[in-house]
Amino acid sequence: MTEGHAEPRAARLKEAVRQARIDMAERTGVVVDLHDAEVARLEILNEALDPLFADIPAEVELFERGITRLWIDMIAHVVMGRDKRIYRFVQDTRYGRRVLGETADVAEAASLVTTYVARRLVERERVLAGDTELAARDLLIDQVSRRRRRRRMLGVLIVGLLLGVIAGAAGVFALAWWSLP
């Protein structure tokens, strides 16, 4: 065998393994195989994202992929839906988990991730350039959240105070009622 034949065979084998994974993921219906199907589908999406991650400059260390969930960065990842056929792209925020998109199509899921990565790169550039709008927006969100928490706490205190006054008045009334001849 010559060196020239090894490359096409390796490419054909890689494509055959990829196709076998797709076939397995499509026909898997047994509960025991659901995890394998989920990992296979995430690996397929991971391979589809290879060109995107190849384009990210080496000095940008925001993004790193992993396969238990397909982690895109520290706060965003792709998980499979309950039926193990839907890609769910989610982001964890300080306000809870946010679904950025759901699709059964690998190309569409890759497009969602590509858009996310592009936005994160632009945000990074703005922060490095000294753009304080993002920091100001975070500060504003924190102030609004604190105000809401204070209002809730004040509301709880007022309701508690009113209930205490009502309970006390009812107790005094009941005591007076029972102590009358």
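According to this note's numbering, the sequence shown is numbered sequentially starting from 1. Glycine included, every Cβ here is placed at the ideal spot set by N, Cα and C.
- Under the three-state reduction of DSSP, LEU121 is assigned to helix.
- Boundaries of the alpha helix (DSSP H) around LEU52: 50-55.
- Its Cα nearest to that of VAL106, the residue GLU43 stands out among LYS14, LEU139, TRP177 and GLU43.
- Contact between LEU70 and LEU45 holds, since their C-beta atoms are separated by about 6 Å, short of 8 Å.
- For ILE141, the number of other beta carbons within 10 angstroms of its own is below 16, and it is reported as exposed.
- Counting the other CB atoms within 10 Å of its CB gives TYR87 a total of 16 or more, which places it among the buried residues.
- Under the three-state reduction of DSSP, VAL159 is assigned to helix.
- The beta-carbon distance between ILE75 and ASP92, rounded to whole angstroms, is 5 Å. This is short enough to meet the 8 Å contact definition.
- MET80 is not a Cβ neighbour of GLU47, given a cutoff of 7 Å.
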